[in-house]
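In what follows, a single structure is set out as structure tokens and then discussed.
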Amino acid sequence: MPFVTVKLTREGTEPGVDRTTAAQKAEIYKGISQVLFDVLGKPPEWTWVVVEEVEMEDWGWGGMPVAEYRNKLAAQGSASKKLHEDGTSN
């Protein structure tokens, strides 16, 4: 019996939603169960999938809080995009 845990930061994926919706979780359960069936031949009714949502401030990434790390990546992406648009590079 496969047991899969999916950990997500607690945040919404659309305006006005602050967490993963029940419909999104249902798709996660269905999709993961289907992958395990396709790859390993495990029937979906044998597969357990648990979604754990973690508060943003309780999740670290790259040695810093996830929100801070995402901001850093976004800033790097903006700088990289600007360099590309300007035709300059280091």
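Following full-length UniProt numbering, the residues of the sequence shown are numbered contiguously, the last one being 90. By construction, the Cβ of each residue, glycine as well, lies at the ideal position given by its N, Cα and C atoms. Quick caveat, the model's predicted, so the values are computed rather than measured.
Residue i versus the options, residue with shortest Cα-Cα distance
i: Arg19; options: Lys25, Glu11 and Ala26; result: Glu11
i: Glu52; options: Phe3, Met1, Thr9 and Lys72; result: Thr9
i: Val49; options: Arg70, Trp59 and Glu27; result: Glu27
i: Thr5; options: Ala75, Lys72 and Thr47; result: Thr47
Where residue i falls: helix, strand or coil (DSSP)
i: Glu45; result: helix
i: Val54; result: strand
i: Arg19; result: coil
Strand pairing of residue i, partner residues [DSSP]
i: Phe3; result: Trp48
i: residue 155; result: Because the chain is modelled from 1 through 90, residue 155 falls outside the range shown and cannot be assessed.
i: Leu8; result: Glu53
Residue interval of the alpha helix (DSSP H) (run including residue i)
i: Asp38; result: Ala22 to Leu40
8 Å CB neighbourhood of residue i in its chain, flanking five on each side removed
i: Glu57; result: Pro65 and Ala67
Residues of its chain near residue i, where Cβ-Cβ distance is below 6 Å and the 5 sequence neighbours each way are ignored
i: Trp59; result: Thr9 and Val66
i: Asn90; result: Low confidence applies here, because Asn90 scores a pLDDT of 49, under 50, leaving its location unreliable; read the following figure in that light. Within the same chain, Asn90 has no close Cβ partners at all.
Cβ-based neighbour list, residue i, same chain, cut-off 7 Å, excluding 5 preceding and 5 following
i: Gly7; result: In the sequence as displayed, the identity of residue 7 is Lys instead of Gly. Answer for Lys7: Glu52 and Val54, listed in chain order.
i: Trp61; result: Tyr69
i: Lys42; result: Pro2 and Leu36
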